[in-house]
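Under the numbering used here, the first residue of the sequence shown carries the number 11, and numbering increases by one thereafter.
Don't be surprised by glycine CBs; every beta carbon is placed ideally from N, CA and C.
These figures come from a predicted structure and were not determined experimentally.
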Amino acid sequence: MNWTKNKHQFKVCYQPIVCLTTGQISGFEALLRWQHPTQGYVSPVDFIPIAEDTGLIVPLGNWVLQTAIHQMSIWQQNFPYQLQKAKIAINLSGKQLLQTNLIEQIENILQAAKLDSSYLKLEITESLLMENYDCAIFTLKKLSQLGVGLSIDDFGTGYSSLGRLQSLPVNSLKIDRCFIRQMDCSTEKSEIVRAIVTLAHSLKINVVVEGIETAKQLDLVRSLNCHQAQGFYFAKPQDHNAIVTLLTKKLPWIHHFSDVNGDITN
11 MNWTKNKHQF KVCYQPIVCL TTGQISGFEA LLRWQHPTQG YVSPVDFIPI
61 AEDTGLIVPL GNWVLQTAIH QMSIWQQNFP YQLQKAKIAI NLSGKQLLQT
111 NLIEQIENIL QAAKLDSSYL KLEITESLLM ENYDCAIFTL KKLSQLGVGL
161 SIDDFGTGYS SLGRLQSLPV NSLKIDRCFI RQMDCSTEKS EIVRAIVTLA
211 HSLKINVVVE GIETAKQLDL VRSLNCHQAQ GFYFAKPQDH NAIVTLLTKK
261 LPWIHHFSDV NGDITN
């Protein structure tokens, strides 16, 4: 695929990440979507591996970085109260991680968007971290020194050990949705999540849970003292216009948190 010619087929959508203490938006995950002119919507599960194999993931990934960081800067200017401490989370691919000029690229994008590095969080998968461990650690340490937040995505599905977390320069980890889907019918899955959360707390690492689709799942992860969550129960990934609409109204899920915080308004 010619990236320059077909860029218009792609867009970045954003899924809110919610604080499980207050119910307020604490960030967004930027997610790439592809609308093919003849095939229609193409799932990332199908096109991301191809983009990785062909090298297209590098210009795609860099475009997502530029687009999402710029968008976050605009939202922070327009909604300073709602998004005072919110971060934009962006997935980083293996080939991006191996770029020798990655740090310089990110610095330049942040400067152009006038966004402080503390509002950016980069996510890498657990399996990717293990496959490129030495290179990844070096790059992650440089990013951490830059002030960028770092997160392990899909935690629990890869090959790293819980004990190894202590040596990693990460601020948060995201528990994979496969655990959440089975928590309400599997005591074992709940105990695994509990163990991950307990260790993360001891290491002062933030825990984000993905895949929340029901109020029951939300109650379960709140009972385990997870920090943040995202999923269809709150909102599906949406374009920037839909996010603006969301930010201008009372959050539709906020009533679920009134038991702890009283009458919360957005």
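May I have the straight-line CA-CA distance separating residue i from residue j, to the nearest angstrom?
i	j	result
G65	L209	37 Å
L108	P69	13 Å
Q25	E201	27 Å
K124	I79	9 Å
E136	S177	14 Å
G221	N111	33 Å
D249	F20	12 Å
Q238	G159	15 Å
S53	I253	21 Å
V74	I100	8 Å
Would residue i be called buried (16 or more neighbouring beta carbons within 10 Å of its own) or exposed?
i	result
Q81	buried
V180	buried
G37	buried
D186	buried
C236	buried
F165	buried
Q106	buried
L129	Strictly speaking, residue 129 in this sequence is Tyr, with Leu absent from that position. Per the 10 Å Cβ criterion, buried.
G71	buried
P247	buried
A225	exposed
S233	exposed
Give me the Cβ distance between residue i and residue j, rounded to the nearest whole Å; I'm assuming they're in contact under 8 Å.
i	j	result
T32	F267	6 Å
L183	S212	No, L183 and S212 are not in contact; Cβ-Cβ is about 13 Å, not under 8 Å.
What first and last residue would you give for the beta strand (DSSP E) that runs through residue i?
i	result
K21	20-29
A99	97-101
Y238	Strictly speaking, residue 238 in this sequence is Gln, with Tyr absent from that position. Residues 238-240.
G50	50-52
From the DSSP output, which residues share a beta bridge with residue i?
i	result
R43	K21
G159	K131
L183	I162, V217
G33	The partner list for G33 (beta bridge, DSSP) is empty, contrary to what the question assumes.
Does the ligand NAP have a heavy atom nearer than 7 Å to the CB of residue i?
i	result
K151	With respect to small molecules bound, the structure shown includes none, and the ligand NAP cannot be examined in it.
The alpha helix (DSSP H) with residue i in it runs from where to where?
i	result
N118	112-123
P69	67-88
D229	225-233
H211	197-212
I264	Note, I264: premise wrong, no alpha helix (DSSP H); not H, not E.
If you measure from the beta carbon of residue i to each beta carbon in chain D, is any gap under 8 Å?
i	result
G241	Although the question refers to chain D, the structure presented lacks it and comprises just one protein chain.
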